[in-house]
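Under numbering that gives the first Met the number 0, the first residue of the sequence shown is numbered 0, with each subsequent residue one higher. Everything below concerns the one structure shown next.
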Amino acid sequence: MDSSTNPHAFLDQGGAMGERIGRRDWSGHPLGPVSGWAPSLRTGLGIVLGSAFPTFLAWGEEQIMLFNDAYVPMLGRKAEAALGEPYAAVWPEAWPALAPYVSRVLRGESFFFEDYAVTLERHGYPEQAWFTFSFSPLRDETGLIRGLICTVVEMTDKMAAVARHKEAEDRLALSLEASGNIGTWSYDLASGATYVDERFGRLFQVDAALAREGAELARFTDMIHPDDRPRVLAAIEHAIRTETLYDIEYRIPQRSGHEAWVNARGKVFVDPAGGGRRFAGIAVDISERKAQAQALRASEQLATAASLRAEHDRRRLDALLAAAPVGIFYLDPDGRLLIGNAANAAIWGDYPQPGSVDEYVDWKGWHTDGPRAGMPLAPRDWPVARVLAGRDSDAGVFEIEPFGQPGIRRTVLVRAAAMRNARGELTGAVAAHMDISAQVAAEKALKDSERRFRAIANVIPPMVWSSNLENGVCFFNERWSDFTGIPAAQLQDDGWHAAVHPDDLAPLLAHWERSRAAGIHFEFEHRLRHHADGYRWVLSRALPFAAEDGRITDWMGTLTDIHGQKTGEAELRAAARRKDEFLAMLAHELRNPLAPISNAAQLLAMPGLDQRRLRYSSEIIGRQVRHMTELVDDLLDVSRVTRGLVQLDRTLVDIGAAVAGAVEQARPLIEARGHVFELQVEGGAWVDGDRTRLVQVFANLLNNAAKYTPQGGRIRLSVQRAPGSVSVAVRDSGIGIAPDMLPHIFDLFTQAERTPDRSQGGLGLGLALVKSLVQLHGGSVEARSAGLGQGSTFSVTLRLAEAGHEGAGGADGTGAAAAALPTPQAGRARILIVDDNLDAANSLAEVLRAFGHLVTTAASSRDALDMTGSDWPQVFILDIGLPDIDGYALVRRLRALHGTRPALYLALTGYGQAHDRVLSRSAGFDHHFVKPVDLRALVSVIDGIGAAP
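Listed below in structure tokens is the structure:
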């Protein structure tokens, strides 16, 4: 759909704001309805809505604002009310500064502003903000400027970052100035220039002016000690390439002859304003620190030599403690901490050095089990405190909070033992701390995982089970018990076998053993007992789970109820079978009348045909054509009813009269088969319904009874009233209905089993039509039979009309035979028949000539148009499905060609649905006839125009 048919088309790709503009009623707004917006406004707004950048449009003298989704966040709290408001009203705080530019834009200028500062109140308070934006004039189709378009990007975050960067640089400069021995350097990666301050220049013996103006990096690296230079250059290259920290120590030979030690640190920085990259950092003169370190090393060497044995003993103890996989504390009898190994620091963090048990109050711990679980430990609750109080040993599992790590919890196992001398006197205690947090967390995670698995397994619809190779099936979810009614405890091991259908258990177990042995996917369909519905079909599936070494340890499986699917497949097969049977019946029923018609046609072609054979052949063809017409009408009737296309012509109907009409229609068949017919009617039963359709229902039931009851049977029709309803029952002594057929007796194409001669006839549509018509009347129909050979009873129940009428109507001749054909009369009308089926056209022409009419035929629409030029017919009989110009188009041309000359236009076609009749009437046909034609009706219509002049 283009914009000419859809004035909102330009909003289709406009996102949420496009939808909001399209939904809004603009009729009371200065812009007016969207359909009246100027093309230039629609085009401009389409560009705005399609832009990925924040963009708005200001239109007209009032500068009405319309904007896209990307612009909404910039509005803050103003976003909801800003749409359709004047620019000045939306941003009154910024308008005084922007108004002059807006005026110049409306005179044809364009502007671009970068990092424009403005104070806005969009969040309920004044705030400084920066924007980069452009103003461009928006012109209409004549070139007149009607508004402006602004594309804007907020730069507030960028400007704040630049300010913070500047402030940080200022603080750094102050710090360096105060330090006295720290110099700075900066190497521009784009230009290759290196800039240093005076302190850095002094270290490298570079003139201050040269340092400020910049020099090549090599000017400084060449001053580094030759032994250190390759290492420094490699470190610089690596730091620039990987953008990692540069940290190195090296020497710079001085003119005085000594070497200055420098610690240089730096990294690659990106300028937040311009995006330029530079390698920068500091250089610290660490010569004094190096000298002190050298002096300290000399002093330590002397001390080490003096205490070599003590150091040796201490190292042996340290090696022992360091090798221990747990934290170890040594304490004196008062509880003062003497020694703690490195593992303790990993557990406790930066712990203090307590001087007594009372100072253990700083050590935070909590009980993890028992009645005191979750309670904090007192200083004398720790195992080491209990040992120092007299016990030989003590242990416990506790949660602790390491020092300097608030909120962090670890689980530790603590064991303590007393140390005694040869006399048994307490000399101290040793405590071992093992961090078991990972083990506890893993156990908890395993329990949580198991709990989550069971929770999930118990809420999903399928039945779930698991099995291991050692213990068999070890888990069933709750769906198993819900489905089978067997308690979970009884399902364990092989208890579930009792729920499997006995015929399926052995093949199920054999298939399961094959899957287990091969370690492959298991899948099997079988029946499982349902607690309230016998056995139901289920699909059992399972997958193996393997350990890290590839060995299968467990199986996980599910069972899904597929009973509906299995029975549905059976029903589909049954429906397909009924369809095939129906097609076979249809072929049979259509071939039956075709055979005598073919024979009669051959008889008519024989030479020396006398009047008796002519009449005999005509009667055969007429009967068989009527029979085929009835078959087609039945098919169309069922199609219309089942698709809800039938409209009931409702009126008050006397059931007695409707039954009488049905009996009149069915009586010839009943009498022909020699049945005894009984009729019992209670009068005064009136319903709200369609009399013709009710007669059709009852006649179908009577005809069914007559066809399926052997010669000389009994048929009884009874009408009985009940409070608020009336029932019509047709009972016969016929072949009856098998129990498996009874639930499907009203389905389409359903018939009892037939003999090959198809003596009953029909297509299996009658009862389906009965059910649909009765349901349209708000009633119900049911069938009962004691079985094959026991006869059948069909009952129709309808609601009585609220206001009844006394008396009963008689039959209206519904079943009367058709009137005889009119007597041929000579010289009636000039007729043109147009049909590409020459046999159909010529045979109809011969019949109409027999009635005295002047008939001409044409095989195509173009032939017909040529023939009308010389002699204009009074009657046109046109086929619809013509090959060149169809009948609808032909009748329009004929009426346009000689619109002032009178003629009768008749459609004769195989299309007989209601909508076909509507199409022919709208095309210009006066009447619509369906093949094979009702000759009496056709002749009557032609006779109505009067004799030909």
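For each residue, glycine too, the CB sits at the ideal point set by N, CA and C.
*Integer-rounded CB distance, given that V680 should sit under 8 Å from A657*: In fact, because the Cβ distance is near 10 Å, the residues do not count as touching under 8 Å.
*Could you tell me whether the stretch 906 to 915 touches the stretch 927 to 935, where touching means 3 or more Cβ pairs closer than 8 Å?*
yes
_Which runs of the alpha helix (DSSP H) at least 4 residues long sit entirely within the stretch 678 to 737? Give them in chain order._
Counting only runs that start and end inside the stretch 678 to 737, the alpha helix (DSSP H) elements of at least 4 residues fall at 690 to 706.
_Contact between the stretch 702 to 710 and the stretch 729 to 745 is defined here as three or more beta-carbon pairs at a separation below 8 Å; is this criterion met?_
yes
*When DSSP builds the beta bridges, which residues end up paired with R145?*
In DSSP, R145 forms no bridge with anything.
_Could you tell me the alpha carbon to alpha carbon distance between W511 and S465, rounded to whole angstroms?_
Going by the C-alpha atoms only, they are around 13 Å apart.
*Give a yes or no on contact between the stretch 148 to 163 and the stretch 47 to 61, applying the rule of three or more CB pairs nearer than 8 Å.*
yes
_Limits of the unbroken alpha helix (DSSP H) element including F781_ = The residue asked about is misnamed: residue 781 is Glu in this sequence, not Phe. Membership of E781 in any alpha helix (DSSP H) is not indicated; the residue belongs instead to the beta strand (DSSP E) covering S779 to R783.
*If we ignore side chains and look at the alpha-carbon of each, how far apart do H914 and D883 end up?*
23 Å
*Indicate whether the contact test is met: 3 or more Cβ pairs, each with one atom in the stretch 472 to 487 and one in the stretch 430 to 439, closer than 8 Å.*
no
*May I ask you to verify whether the stretch 393 to 411 touches the stretch 338 to 358, counting CB pairs closer than 8 Å and requiring at least 3?*
yes
*Would you report the Cα separation of T822 and F850, rounded to the nearest angstrom?*
Model confidence at T822 stands at a pLDDT of 47, short of 50, so the residue's coordinates are unreliable and nothing is read from them.
*Could you tell me whether the stretch 706 to 721 touches the stretch 663 to 681, where touching means 3 or more Cβ pairs closer than 8 Å?*
yes
*In the stretch 466 to 496, which residue ranges form an unbroken alpha helix (DSSP H) of at least 4 residues, counting only runs that do not cross its ends?*
477 to 483 and 487 to 490
*Counterpart residues of Y100 in DSSP-defined beta bridges*: None; Y100 has no bridge partner.
*Under 8 Å, do K77 and R19 count as touching if we go by C-beta distance?*
no
*What whole-angstrom Cβ distance do L881 and S859 have, given they're in contact under 8 Å?*
Rounded, the Cβ-Cβ distance is 7 Å, consistent with contact.
*For R916, name the three-state secondary structure that DSSP assigns.*
helix
*Would you say the stretch 83 to 93 touches the stretch 129 to 144, given that touching needs at least three Cβ pairs under 8 Å?*
Contact fails between the stretch 83 to 93 and the stretch 129 to 144, because fewer than three Cβ pairs, one in each stretch, are under 8 Å apart.
*Pairwise C-alpha distance: V846 and D933*: Straight-line Cα distance between these residues: approximately 12 Å.
_Cβ shell of S34 (< 6 Å), same chain only, five flanking positions each side left out_ = P6
*asked:* Going by C-alpha to C-alpha distance, which of A857, A388 and R408 sits closest to V396?
replied: R408
*Assuming V104 and L147 make a contact with CB atoms under 8 Å, what is their CB distance in whole Å?*
5 Å
*Identify every residue that forms a DSSP beta bridge with F9.*
None, per the DSSP bridge assignment.
*Hey, R264 and I251: beta-carbon distance below 8 Å or not?*
no
*Every unbroken beta strand (DSSP E) within the stretch 33 to 119, with a cutoff of 3 residues, ordered by chain*: 54 to 58, 63 to 66 and 110 to 119
_Extent of the continuous beta strand (DSSP E) run through T650_ = First-last of the beta strand (DSSP E) with T650: T650 to D653.
_Every unbroken alpha helix (DSSP H) inside the stretch 839 to 924 [4 residues or more]_ = 860 to 866, 886 to 896 and 913 to 922
*asked:* Output needed for D68: all residues of its chain with C-beta closer than 7 Å, excluding positions within five of it in sequence on either side, in chain order.
replied: G14, A15 and M16
_Q610 - DSSP class collapsed to helix/strand/coil_ = helix
*Is it true that the CB of G373 sits closer than 8 Å to the CB of W381?*
no
*Indicate the three-state DSSP secondary structure (helix, strand or coil) for S26 in the structure shown.*
coil
_Option nearest D502 by Cα separation, candidates L571, D357, W184 and H525_ = H525
*Three-state secondary structure (DSSP) at Y350?*
coil
*Per DSSP, A281 is paired with what?*
It is worth fixing the name first, because residue 281 is Ile in this sequence and not Ala. Answer is T183 and R264, bridged to I281.
_Nearest neighbour of Y115, chosen from W58, V631, A294 and A96 [CA to CA]_ = A96
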